[in-house]
Amino acid sequence: MPSLSVLPDQVDLVVAGAGTAGAATAAHAAERGLSVLCIERARLDRAGARWVNGVARDAFVDAGIALPEGDELRGLDTRFHLFAGRGPQRIVMENHGVLDVDMRHLVRRLHTRCLEAGVTLIGDVSVHDMQGHVVTTSRGSVRADFIVDASGLAGLNLLGIPKPPKSDLCAAAQAVHRVTNTGAARDFLDAHDADEGETICFTGIAGGYSILNVSVHADEVSILTGSIPADGHPPGTRILDDFVADTSWIGERCFGGSRAIPLGGLPRALTHDHVAAVGDAARQVFSAHGSGIGPGMTAGRMLAECLAETGHVEDYGVRWMRRFGGLFAGYDILRRVSQTLTKEQIATLIDAGVLDSASVAAGLGQRLPDASASRAVKLPKQLARSGSVGARMAAAGARVGAVATLYAGYPKRGSRRGWAALVRAAMRS
Ligand SMILES: Cc1cc2nc3c(=O)[nH]c(=O)nc-3n(C[C@H](O)[C@H](O)[C@H](O)COP(=O)(O)OP(=O)(O)OC[C@H]3O[C@@H](n4cnc5c(N)ncnc54)[C@H](O)[C@@H]3O)c2cc1C
Numbered sequence: 003m004p005s006l007s008v009l010p011d012q013v014d015l016v017v018a019g020a021g022t023a024g025a026a027t028a029a030h031a032a033e034r035g036l037s038v039l040c041i042e043r044a045r046l047d048r049a050g051a052r053w054v055n056g057v058a059r060d061a062f063v064d065a066g067i068a069l070p071e072g073d074e075l076r077g078l079d080t081r082f083h084l085f086a087g088r089g090p091q092r093i094v095m096e097n098h099g100v101l102d103v104d105m106r107h108l109v110r111r112l113h114t115r116c117l118e119a120g121v122t123l124i125g126d127v128s129v130h131d132m133q134g135h136v137v138t139t140s141r142g143s144v145r146a147d148f149i150v151d152a153s154g155l156a157g158l159n160l161l162g163i164p165k166p167p168k169s170d171l172c173a174a175a176q177a178v179h180r181v182t183n184t185g186a187a188r189d190f191l192d193a194h195d196a197d198e199g200e201t202i203c204f205t206g207i208a209g210g211y212s213i214l215n216v217s218v219h220a221d222e223v224s225i226l227t228g229s230i231p232a233d234g235h236p237p238g239t240r241i242l243d244d245f246v247a248d249t250s251w252i253g254e255r256c257f258g259g260s261r262a263i264p265l266g267g268l269p270r271a272l273t274h275d276h277v278a279a280v281g282d283a284a285r286q287v288f289s290a291h292g293s294g295i296g297p298g299m300t301a302g303r304m305l306a307e308c309l310a311e312t313g314h315v316e317d318y319g320v321r322w323m324r325r326f327g328g329l330f331a332g333y334d335i336l337r338r339v340s341q342t343l344t345k346e347q348i349a350t351l352i353d354a355g356v357l358d359s360a361s362v363a364a365g366l367g368q369r370l371p372d373a374s375a376s377r378a379v380k381l382p383k384q385l386a387r388s389g390s391v392g393a394r395m396a397a398a399g400a401r402v403g404a405v406a407t408l409y410a411g412y413p414k415r416g417s418r419r420g421w422a423a424l425v426r427a428a429m430r431s
């Protein structure tokens with residue numbers, strides 16, 4: 003990678019942050035003819051997510067990024083076993099469309115694509131501030147027509163988006179460890195009726211919004227955990243460490259990471275004047291399972307297209323909100339209910355058929371469940387069979403439709419205060 007001692011004086015676009023969202027934005031913009039400077043605070047080989055993430059196949063297509071292969075692709079649409087607590091209730095899903103991706107490779111691939119497109123990509127430089135069109139960094143200043151904040155949840159916050167409440171923060175951790183005893187690992191898989199490469203997901207183990215996912219690949223095991231500590235639960239790091247300590251066949255850690263994921267709380271606007279935000283910086287996280295990779299990369303492509311087509315960052319904000327806002331806010335309503343559930347209530351929803359392989363696979367794939375006629379007939383009965391938890395889910399479901407309608411009509415211009423008040427009311431009522 004080139005090492006610049008002096009920044010260019012002027013570019014079309016400065017992108018702050020070279021994680022997945024920032025690198026995708028920079029590459030797409032440069033491919034459409036803009037001069038782009040992408041600035042990363044960390045070393046480039048430490049940028050963005052450094053663990054294994056599940057990313058919907060459709061998200062790569064939407065984002066205009068080739069599907070992962072080789073070492074980057076650790077799992078392809080493998081069977082997913084979702085247990086209520088440690089079971090016995092479970093749902094088994096196939097063809098959910100989620101790929102297990104080694105993010106270290108994906109970030110490197112996006113950086114390579116940036117360089118091939120002519121992006122000036124620099125690491126070890128921090129963006130400090132922005133005054134109008136001038137961006138100040140630890141290596142001097144640069145003037146830009148457009149500025150993108152892709153610096154993540156703990157980054158610059160150039161749009162001044164309110165901090166999420168702690169109850170909207172998932173403390174997640176992911177790690178890949180060596181398997182020290184393949185026979186014992188096999189016994190674990192057999193006990194859960196699963197195979198190598200498949201995901202065993204224990205949900206509701208530390209509050210309704212918590213998971214412990216385990217998948218064994220030959221001599222490695224991949225572990226993903228997450229929970230909401232503000233609700234009084236141990237964070238993902240503790241759940242992961244405890245599982246490793248309690249499991250005799252798991253050995254040394256190979257790689258991984260942990261941090262907070264913002265759930266829900268889409269801002270009123272994704273842009274202001276010549277400034278836009280993408281990725282976690284814009285709270286573009288699919289909150290049902292805390293997934294931000296696909297949404298951030300897709301936002302990057304949309305933003306680059308708008309800059310190239312119309313030259314207005316605001317068009318990106320409108321396009322993204324109208325296409326994804328309703329889906330994301332709708333699932334966030336359900337996430338808020340699921341956060342309050344016990345594992346017994348999750349089991350009730352599975353027993354009643356409210357949660358089934360089709361509905362959970364739709365959530366994993368970040369799309370609405372199919373609205374088939376037979377499901378429309380069955381669902382009210384299934385909710386009724388689930389007692390009070392079913393009634394809460396039904397009430398939440400009714401609000402999903404209202405929120406979807408509001409986002410479909412996301413206002414093109416103006417302060418959007420009245421619109422935002424309606425969204426808040428629909429989310430809470
Ligand atoms: C353990 C864990 C598991 C997860 N699992 C999944 C999953 O399965 N699927 C999924 O889709 N998502 C998952 N996520 C969420 C996903 O990792 C994030 O949503 C995603 O990484 C956000 O990408 P981003 O590019 O917006 O931000 P980041 O990845 O946070 O990148 C921001 C970059 O900006 C840089 N930066 C910050 N400040 C500055 C500055 N001042 N100047 C310059 N650069 C700066 C940072 O160094 C960083 O490299 C998981 C998260 C965690 C923690």
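Numbering-wise, the sequence shown is residues 3 to 431 according to my numbering.
Ideal placement from N, C-alpha and C gives every residue a C-beta, glycine not left out.
Unbroken alpha helix (DSSP H) run spanning residue i, endpoints
| i | result |
| --- | --- |
| F288 | Where F288 is concerned, there is no enclosing alpha helix (DSSP H), given that its DSSP letter is neither H nor E. |
| L424 | R419 to R430 |
| H30 | T22 to E33 |
Among the options, nearest to residue i - alpha-carbon criterion
| i | options | result |
| --- | --- | --- |
| Y333 | R59, D102 and G292 | G292 |
| G365 | A271, M95 and C40 | M95 |
| V38 | S250, G259, V121 and L69 | V121 |
| L272 | G253, W322 and P264 | W322 |
| T249 | D282, R325 and T182 | T182 |
| D11 | I93, R141, A156 and R88 | R141 |
| E198 | H219, G210 and R180 | H219 |
| H135 | V144, R430 and G259 | V144 |
| T139 | L158, G154, R106 and D147 | L158 |
| I213 | A290, C256, G259 and H274 | A290 |
| F257 | A23, E42, W421 and H107 | H107 |
| D73 | R240, S390 and D102 | D102 |
Heavy atom of ligand 1 within 6 Å of residue i beta-carbon
| i | result |
| --- | --- |
| V57 | yes |
| D14 | no |
| V129 | yes |
| I202 | no |
| T239 | no |
| L171 | no |
| A293 | Residue identity differs from the one stated: residue 293 is Ser in this sequence, not Ala. S293 Cβ: within cutoff of ligand 1. |
| I41 | yes |
| T273 | no |
| R303 | no |
| G125 | no |
| T22 | yes |
| L158 | yes |
| I439 | Within the shown structure, residues of the chain are numbered from 3 to 431, placing residue 439 beyond reach of any answer. |
| I225 | no |
| I263 | yes |
| G142 | no |
| D358 | no |
| Q368 | no |
| G332 | no |
| D282 | yes |
| Q176 | yes |
| A44 | yes |
| G19 | yes |
| G298 | yes |
| S229 | no |
| S217 | no |
| G66 | no |
| G50 | yes |
| G162 | no |
| G267 | no |
For residue i: DSSP bridge partner residues
| i | result |
| --- | --- |
| L39 | V16 and T122 |
| V57 | L101 |
| M395 | The partner list for M395 (beta bridge, DSSP) is empty, contrary to what the question assumes. |
| G77 | D102 |
| T205 | A86 and I213 |
| E222 | R180 and H219 |
| G8 | Per the sequence shown, the amino acid found at residue 8 is Val instead of Gly. DSSP lists no partner for V8. |
| V63 | BP columns for V63 are empty, so no partner. |
| V136 | Q133 and R145 |
Residue i, enclosing beta strand (DSSP E) - first and last residue
| i | result |
| --- | --- |
| E307 | Segment I295 to E311 is the alpha helix (DSSP H) holding E307; no beta strand (DSSP E) there. |
| R92 | R92 to M95 |
| H1 | Examination of residue 1 is not possible in this model, given that the chain is present from 3 through 431 alone. |
In chain order, which beta strand (DSSP E) runs of at least 3 residues are fully inside the segment 138-199? 142-151 and 171-181
Hey, which unbroken runs of the alpha helix (DSSP H) at 4 residues or more fall wholly within the segment 319-389? 328-340, 345-354, 359-366 and 375-387
At 3 residues or longer, what runs of the beta strand (DSSP E) sit wholly inside the segment 225-285? 252-264 and 277-279
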